[in-house]
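Some notes on the structure that comes next.
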């Protein structure tokens, strides 16, 4: 199966998960997964949230980010991947002056 993000409409979501600024997303979703091509504007954040029934994998394509993961803060650079397992809490912050561009997968767990 091919998922073409070129054919998926872009959504702009202000204050995603209680964060700041705009979260720009192209989202493919079915009963098992969300597969997303996303962007955060400079200074924007995805609010701190807990993955109760799923996990999340974020692969940074470009920009400079920071991740709050449980009680730690980590820098996220292009080519790096952040993993938030089920039951853990995280937030993503665009810490740079360019768009933060990333690919994210959120698989549901039984």
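Numbering (the numbering used here), first residue to last: 2 to 111. Built from N, CA and C at the ideal position, the CB exists for glycine as well. Computed from a predicted structure; not experimentally measured.
Exposure of residue i, with buried meaning 16 or more beta-carbon neighbours within 10 Å
i, result
"residue 39", "buried"
"residue 37", "buried"
"residue 110", "exposed"
"residue 85", "buried"
"residue 57", "buried"
"residue 46", "buried"
"residue 94", "buried"
Per DSSP, the bridge partner or partners of residue i
i, result
"residue 40", "25, 102"
"residue 55", "109"
Integer Cβ distance of residue i from residue j, believed to fall under 8 Å
i, j, result
"residue 27", "residue 11", "6 Å"
Same chain only: Cβ atoms within 8 Å of residue i, ignoring 5 sequence neighbours per side
i, result
"residue 14", "23, 24, 25, 26"
"residue 96", "65, 66, 67, 76"
"residue 1", "Since the first residue shown for the chain is 2 and the last is 111, residue 1 is missing from the structure and cannot be characterised."
"residue 33", "108, 109"
Span of the beta strand (DSSP E), counted from its first residue to its last, around residue i
i, result
"residue 92", "90-95"
"residue 15", "12-15"
"residue 73", "73-77"
Interface flag, residue i vs chain C, CB-CB below 7 Å
i, result
"residue 50", "The structure shown has no chain C; it contains just one protein chain."
Cutoff 7 Å; reference residue i; Cβ partners in own chain excluding five residues on either side
i, result
"residue 62", "79, 102, 103, 104"
Spatial neighbours of residue i in its chain, beta-carbon cut-off 6 Å, leaving aside the 5 residues before and after
i, result
"residue 106", "36, 58"
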